[in-house]
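Remarks on the structure that follows.
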Amino acid sequence: MDQLITALYSIPLLGLVFQMAGYLIAIVPPISPIILRSATPIAFGALCGVMCERSGVVNIGIEGTMLASAFTGWVVGVALAPTLGTPATELFGLTPALVIALIAAIGVALAISALHAWLSISVRADQIISGTIINIAAFGVTGYLNSIIAKSSPTSAGAFSAFQPPTALTDLPVVGWLIGMFFAQGPISMSLIVFVIALQILLFRSRWGLRTRAVGEHPKAAETVGIDVILVRYRNVIAGGLFAGLAGASLAMEATNSFQAGMTAGRGFIALAAMIVGRWTPVGSLLAALLFSSFLAIGQALSFAPPSGQLGDVLSSLPSQLYDALPYIVTIIILAGVVGRTRPPAADGQPYEREAAT
Amino acid sequence: MTGASTGASTGSRIRDVTGTVWAIIALPLIAILLAFGVGAVIILGSELLVGEPFDPLLPLTAYAALLQGAFGSFDAIVDTLVATSPLVFGGLAVAIAFKAGLFNIGAQGQFLMGALAAVAAGVAVSGQPPYIAIPIAVVAGVLGGAATGFLPGFLKAVSGAHEVVTTIMLNYIAISVLAALVSGPLKVPGSPSPVTYDVGNAGYPVVIGRDGHIGIFLAVIAVFVIRWLLYRTTLGFEIRTAGANPDAAAYAGMRPRRLIVLTMVLAGGLAGFAGVDVALGLTHQMTSSFGTTVGFDAIAVALLARSEPIGILPAALLFGAMRSGASLMQIKAGIPVELVDVIQATILLVLVATPVIRRVLHLRGTQNPLATSPTISRSYGSESVL
Chain A
1 MDQLITALYS IPLLGLVFQM AGYLIAIVPP ISPIILRSAT PIAFGALCGV
51 MCERSGVVNI GIEGTMLASA FTGWVVGVAL APTLGTPATE LFGLTPALVI
101 ALIAAIGVAL AISALHAWLS ISVRADQIIS GTIINIAAFG VTGYLNSIIA
151 KSSPTSAGAF SAFQPPTALT DLPVVGWLIG MFFAQGPISM SLIVFVIALQ
201 ILLFRSRWGL RTRAVGEHPK AAETVGIDVI LVRYRNVIAG GLFAGLAGAS
251 LAMEATNSFQ AGMTAGRGFI ALAAMIVGRW TPVGSLLAAL LFSSFLAIGQ
301 ALSFAPPSGQ LGDVLSSLPS QLYDALPYIV TIIILAGVVG RTRPPAADGQ
351 PYEREAAT
Chain B
1001 MTGASTGAST GSRIRDVTGT VWAIIALPLI AILLAFGVGA VIILGSELLV
1051 GEPFDPLLPL TAYAALLQGA FGSFDAIVDT LVATSPLVFG GLAVAIAFKA
1101 GLFNIGAQGQ FLMGALAAVA AGVAVSGQPP YIAIPIAVVA GVLGGAATGF
1151 LPGFLKAVSG AHEVVTTIML NYIAISVLAA LVSGPLKVPG SPSPVTYDVG
1201 NAGYPVVIGR DGHIGIFLAV IAVFVIRWLL YRTTLGFEIR TAGANPDAAA
1251 YAGMRPRRLI VLTMVLAGGL AGFAGVDVAL GLTHQMTSSF GTTVGFDAIA
1301 VALLARSEPI GILPAALLFG AMRSGASLMQ IKAGIPVELV DVIQATILLV
1351 LVATPVIRRV LHLRGTQNPL ATSPTISRSY GSESVL
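Right under this line is the structure:
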């Protein structure tokens, strides 16, 4: 076996591919919790996109919504930490301050989504421009407030901590690392799977889901059978804010315990790409998000634990900035390769104008 | 659609102008005033947040400092014009894409690649006489931006990948490419920090005051060239038709895929010119943290100008003045420069909610400023390309 591997590795050029495969097989199980953790904001953002676009509203402001709720979660946590910062339970490092901060983060995301819903449904503004304004505003307001608050050098509010599954389970052969991937997580990442499955079932098996899809595909037909198009769209866009809020909160309250200006770094847009690649379905979005975050995590692993031998020499000759750019490059390539074969909801992005009653 | 009236007879045009000037500027003016009002509220609110002694006049102090920083002296005015010139190029880059029904959020990446290419070429020819060095560096920068614009245009034409997502990804990739090159092949050997050589003779000559370089004039010329291109050439007609009604454009035998690529190359070239403007006119070299918000401000400029080339000039001046005066505002009143972003977003928010504003204020006659680009979100996914 070992001899075979050595033989495969020493093939010119092609050997590099085998070395890479060997490296990935070795590295993926230990970093698998990181993969899900970095997929969390992307997948939640994509769920927000699914909620909006399935009902026919394009939401490009997910990035800004995430940023605003990340900031809110952090700043509320910081403000409450001195009084309510003692852990109530060992589990997840929950403190009253963190719970209230999480609720505030979601609340802000719902409010911003309501603004987007109003602009794109009632005002019938161009939905992409409405979303862009949300992004600019969120970047400006959070950056502004952050530099004011940073002056007083606030203390950290802490963050949700990861659950530790028993080592007896995670050490199991073959499936152990999968248990670690899904259960060695904080509460937000862990809830992701539940939300994805629930939304998948609701979207394709419930009355709400049928109505949502009808409104997104053919609003006029939906209206004629008595579905209130405007109401459905409002409800979906605002409810989608829940997921954008969780996405933002996961960044500032779970993955890290701090806020930096512009910390979403394009994840809201990668989320849109994940939604497209996942064909506007929750499960597809999650899988696409995991694909993107794998590149993110492997990029990090390559710089922290570089492979040895010939492959390591090749990789270390590449500029390190390549790894920073990797998720974005992968997004473009996958989007360009996949999008031609996907079909968005037919009424996506088109404002609906109710015909005057006669 | 102010430019659409250029074809009308001269007599009715003069009557049109007197009649519609107010109608055209009323909403942007209201938006700007409201935005500064919102800015004042945020300043007061953040005072409470920090818990310093409350100063009810702080917004006035801040805005006075902003105004003084932008227009308070001859040098300040020249600095404002210098800050305005890349915004003019950037605004044109976004506006021309809007005209074709494309949303070029990637002006920032095209801007960075343009600046990088201009510096790389400028360093290579820094010893040549200026009349050789400057054109080479300018062309290199414009090509760098155009190449960065070509890619999303090509991907959209071939596969239907939406330009909003691809251009944003390219913005982040551009940051990495820039950092990699400035700390790698372009770095001055032995320098402790990642920085390139000076562009030497490829730098723009200074013609007014301390920093007033020729880019200011090039920006004004560019406005009129793009106006001519859009309203006096076949290509411009095709771009406007494709933006206003893609089906009609296809029916008339225009090739939408070719137009998408061409427009994005043009837009990228203009954004690249903005990068040239900053790199050759102001910084003369490049650090790995090179990067202003030009490409993002450009979106606001284009929206405020309703994508009309002539409107780009006042819109760019407004944001140029705010960026230029913001540092004095930070020094004198302790207000973070990000306030400019807040004001910028509020202006756009008010503009996008125009129908509501008009109803409240009983304004009539003007078009929705953002209604000139209603086709942007139609081309999501692959359906309506072609």
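Note that the protein sequences, when read in sequence, are chains A and B.
Residue 238 in the working numbering is what sits at position 238 of the first sequence, and the numbering runs on without skipping anything.
Residue 1211 in the working numbering is what sits at position 211 of the second sequence, and the numbering runs on without skipping anything.
Cβ atoms here follow ideal geometry from the backbone N, Cα and C, with glycine treated the same way.
Alpha helix (DSSP H) segment containing residue i, residue limits
| i | result |
| --- | --- |
| B:V1142 | 1130-1159 |
| B:V1199 | Neither: B:V1199 is in no alpha helix (DSSP H) and is coded neither H nor E. |
| A:N135 | 127-150 |
| A:H218 | No alpha helix (DSSP H) contains A:H218, which DSSP labels as neither H nor E. |
| A:E353 | Segment: none, A:E353 is in no alpha helix (DSSP H) and carries neither H nor E. |
| A:A301 | 282-304 |
| B:L1351 | 1339-1352 |
| B:H1162 | B:H1162 -> no alpha helix (DSSP H), and no H or E assigned at all. |
| B:A1117 | 1107-1124 |
Below-8 Å beta-carbon distance, residue i vs any chain B residue
| i | result |
| --- | --- |
| A:L119 | yes |
| A:T281 | no |
| A:I298 | no |
| A:A244 | no |
| A:V141 | yes |
| A:Y352 | no |
| A:G266 | yes |
| A:S156 | no |
| A:T6 | no |
| A:A347 | no |
| A:P82 | no |
| A:I129 | yes |
| A:A159 | no |
Between the CA atoms of residue j and residue i - distance to the nearest angstrom
| i | j | result |
| --- | --- | --- |
| A:I112 | B:D1211 | 42 Å |
| A:I25 | A:M181 | 15 Å |
| A:A129 | A:G22 | Ala is not the amino acid found at residue 129 of chain A; the sequence shown has Ile there. Roughly 46 Å separates the two Cα atoms. |
| B:L1081 | B:V1207 | 12 Å |
| B:R1378 | A:F44 | Residue confidence is low: B:R1378 scores 48 on pLDDT, short of 50, so the model does not pin down where it sits. No coordinate-derived value is stated. |
| A:G140 | A:I103 | 23 Å |
| B:P1355 | A:L119 | 10 Å |
| B:K1156 | B:H1162 | 6 Å |
| B:D1277 | B:T1293 | 14 Å |
| B:I1226 | B:K1099 | 12 Å |
| A:I100 | A:I188 | 14 Å |
| A:R213 | B:F1224 | 47 Å |
| A:L115 | B:A1026 | 24 Å |
| B:P1028 | B:L1087 | 18 Å |
Extent of the continuous beta strand (DSSP E) to which residue i belongs
| i | result |
| --- | --- |
| B:V1206 | 1206-1208 |
Below-8 Å beta-carbon distance, residue i vs any chain D residue
| i | result |
| --- | --- |
| B:Q1344 | The displayed structure is made up of protein chains A and B, and chain D is not among them. |
Anticipated Cβ contact below 8 Å, residue i with residue j, distance rounded
| i | j | result |
| --- | --- | --- |
| A:E63 | A:F269 | 6 Å |
| B:G1141 | B:A1174 | Going by Cβ atoms, the distance from B:G1141 to B:A1174 rounds to 13 Å, so no, they are not a contact pair. |
| B:M953 | B:L1116 | The requested residue 953 of chain B is not part of the displayed model; chain B covers only 1001 to 1386. |
| B:G1145 | B:M1169 | The pair is not a contact, with the Cβ atoms about 16 Å apart (cut-off 8 Å). |
| A:N236 | A:M51 | 5 Å |
| B:A1035 | B:I1299 | Not quite, the Cβ-Cβ distance comes to about 16 Å (not below 8 Å), so this is no contact. |
| B:L1270 | B:F1089 | 5 Å |
| A:P219 | A:A347 | 5 Å |
| A:F163 | A:F92 | 6 Å |
| B:V1125 | B:A1202 | 6 Å |
Cutoff 8 Å: residue i Cβ touching any chain A Cβ
| i | result |
| --- | --- |
| B:A1316 | no |
| B:M1169 | yes |
| B:Y1131 | no |
| B:D1341 | yes |
| B:L1057 | no |
| B:I1331 | no |
| B:V1301 | no |
| B:G1184 | yes |
| B:T1148 | no |
| B:P1246 | no |
| B:A1305 | no |
| B:V1164 | yes |
The ligand NAD heavy atom lying under 7 Å from the CB of residue i
| i | result |
| --- | --- |
| A:G262 | Judged by which ligands are present, the structure shown has none, so any question about the ligand NAD falls away. |
Original post:
What are the complete alpha helix (DSSP H) segments, minimum 4 residues, inside the stretch 1037-1080 of chain B?
Top reply: 1058-1071
**OP:** Would you mind listing the alpha helix (DSSP H) stretches within the stretch 198-276 of chain A that are 4+ residues and don't spill past its ends, in chain order?
**Re:** 207-217, 219-224, 229-250
Original post:
If you scan the stretch 1174-1261 of chain B from start to end, which runs of the alpha helix (DSSP H) of 4 or more residues do you find wholly inside it?
Top reply: 1215-1232, 1234-1244, 1246-1251
Original post:
Which residue spans inside the stretch 6-76 of chain A form an unbroken alpha helix (DSSP H) run of at least 4?
Top reply: Within the stretch 6-76 of chain A, the complete alpha helix (DSSP H) runs of at least 4 residues are 14-54.
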